[in-house]
Structures are given as structure tokens and as C-alpha cells.
Amino acid sequence: MAVLERLRSDHAPALLAFERENRGYFAASVPDRGDAYFTDFEERHRALLDEQEAGGIHFHVLVGEGGEILGRFNLVDVADGAAELGYRVAERATGRGVATAGVREVCRLAREEYGLSRLTAVTTLDNDGSRVVLGRVGFGAVGSVTLDGRAGTSYELDLADGVGRSAA
Numbered sequence: 001m002a003v004l005e006r007l008r009s010d011h012a013p014a015l016l017a018f019e020r021e022n023r024g025y026f027a028a029s030v031p032d033r034g035d036a037y038f039t040d041f042e043e044r045h046r047a048l049l050d051e052q053e054a055g056g057i058h059f060h061v062l063v064g065e066g067g068e069i070l071g072r073f074n075l076v077d078v079a080d081g082a083a084e085l086g087y088r089v090a091e092r093a094t095g096r097g098v099a100t101a102g103v104r105e106v107c108r109l110a111r112e113e114y115g116l117s118r119l120t121a122v123t124t125l126d127n128d129g130s131r132v133v134l135g136r137v138g139f140g141a142v143g144s145v146t147l148d149g150r151a152g153t154s155y156e157l158d159l160a161d162g163v164g165r166s167a168a
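So the sequence shown is numbered by the UniProt record's numbering: it starts at 1 and just counts up by one.
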């Protein structure tokens, strides 16, 4: 059984492996992180942990039974009771409810642990999987956006409504 964990320094090797193994898969639906992400990974990982300690972000990884990372679920730009949700799931873990369960759990943490009341998210129109997950959890479409030159939709979830509370 996979477990959602707050990002720690010892996740770095598995996280880097996750990003490398899924780079092509992710690039098909979200902007590529670029070569510098991989070259400077250790330094960037430390910087993110420092920012997380300061409360500006909350990063989580979904860790499988063998210690491998199956997904990441992040809350960024935390301010005034709100944050932006971003997530990605390994290609081999898709179609099994992993993304939906991870997003629901991060919504619960956002409300109960981090005291947030509103989450936003964005996705491209051609990313059907993400649009379905956001809808299942209770996010509502609130506008159009352009992401890296691609048409997309912005979403919002009011955590006070109790939406996203079940951790299926």
C-alpha cells in the first residue's frame, strides 16, 4: 500500500528517479522541467525543503511499498489561507485511482494540518486525467488560462465546504 509523506531530504534519490523515469510521460501533458532541474537537483531539493520549513510550500510524495515514489502532490504559493495544488503521478501508477486518492489526502492535510481554506489548480484542456481528478475531488472550473502556450482551465476548491474530505 502506498503512503503519502511530507517531503524529506531522504526522499531525494527516489524522487530524482521518479522524475527521470517519467520525464517523457510528464512532458506530454505539462511543461518539461528542463535539463537544469536534473543537473541541479540536490541543490534545488535542499532549497525546497528550506522553503517548506518556512511555510511557503507543502510538498508530499506518494511512496510505494518498495520505497519508490509513485507521485508527488504539492501545495505552493501558500498565503492568506490559500495555496495552489500541483501533482503528477508515475505513468505506471495511472488508472488506479492514485491521483484521486492523493489529491483528496492533500486536500485533507491542507484543511486540517495547514489551516488552508481554499485551493486552486490549473491544467491544460488536453490533460483529461487531471481534469477528471479535479472534478472528482470537487474542484470547480473558474476560468480559462494559457499554460506554456496551451489552452487550459483554472479550478478552485473551497475547503470549508467539506468537499474533498473523503480520503478514498
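C-beta atoms are modelled at their ideal positions from N, C-alpha and C, and glycine is treated no differently.
Q.
Measuring straight from C-alpha to C-alpha, what distance separates L48 and N74?
A. Counted from its first residue, the sequence shown places residue 48 at position 48. Counted from its first residue, the sequence shown places residue 74 at position 74. So the two alpha carbons sit approximately 11 Å from each other.
In this structure, does DSSP put E156 in helix, strand or coil?
Taking the sequence shown and counting its residues from 1, one reaches residue 156 at position 156. Three-state result, E156: strand.
Notebook entry, point to check: Which residues in the same chain as G102 place their Cβ atom closer than 8 Å to its Cβ, once the five residues preceding and following it in sequence are excluded?
Noted result: On the sequence shown, residue 102 is found 102 positions in, with the first residue counted as 1. These residues qualify, in order along the chain: L4, H60, L62, G71, F73, Y87 and V89.
Check: Helix, strand or coil for D77 per DSSP?
Finding: Numbered from its first residue, the sequence shown carries residue 77 at position 77. Reduced to three states, the DSSP call for D77 is strand.
Hey, T153 and V132 are a contact pair by Cβ (cut 8 Å); roughly how many whole angstroms apart? By one-based count along the sequence shown, residue 153 stands at place 153. By one-based count along the sequence shown, residue 132 stands at place 132. Going by Cβ atoms, the distance from T153 to V132 rounds to 12 Å, so no, they are not a contact pair.
Would you decide whether G138 is buried or exposed? Buried here means 16 or more other CB atoms lie within 10 Å of its CB. Stepping through the sequence shown from its first residue, residue 138 is reached at position 138. Buried is the call here.
| query | With C-beta atoms as the reference, is L15 less than 8 Å away from I69? | reply | As a first step, residue 15 must be located in the sequence shown, where it is residue number 15. As a first step, residue 69 must be located in the sequence shown, where it is residue number 69. Yes, they are a contact pair.
- Query: What is the residue span of the beta strand (DSSP E) that V30 lies within?
  - Reply: As a first step, residue 30 is located in the sequence shown; it is residue number 30 there, counting from the start. Neither: V30 is in no beta strand (DSSP E) and is coded neither H nor E.
- Task: Leaving aside the five residues before and after Q52 along the sequence, list all residues of the same chain whose C-beta is less than 7 Å from its C-beta, in chain order.
- Result: Residue mapping note: residue 52 aligns to position 52 of the sequence shown, counting from 1. Within the same chain, Q52 has close Cβ partners L7, H58 and F59.
- Message: DSSP three-state label for L147, please.
- Response: Sequence index remark: in the sequence shown, residue 147 carries index 147 (1-based). Residue state, collapsed to three classes: strand.
**Message:** Could you compute how far the alpha carbon of residue 182 sits from the alpha carbon of G135?
**Reply:** Examination of residue 182 is not possible in this model, given that the chain is present from 1 through 168 alone.
Taking E112 as the reference, give the member of G66, A83, L159 and L147 with the closest Cα.
-> Locating residue 112 in the sequence shown gives position 112, counting from the first residue. With distances taken between Cα atoms, E112 lies closest to L159.
Notebook entry, point to check: What separation, rounded to the nearest whole angstrom, lies between the Cα atoms of M1 and A99?
Noted result: In the sequence shown, residue 1 corresponds to position 1, counting from 1. In the sequence shown, residue 99 corresponds to position 99, counting from 1. Approximately 14 Å, taken between the alpha carbons.
Coarse secondary structure for R96, derived from DSSP in three states
The sequence position of residue 96 within the sequence shown is 96, counting from 1. Of the three classes helix, strand and coil, the one that applies to R96 here is coil, per DSSP.
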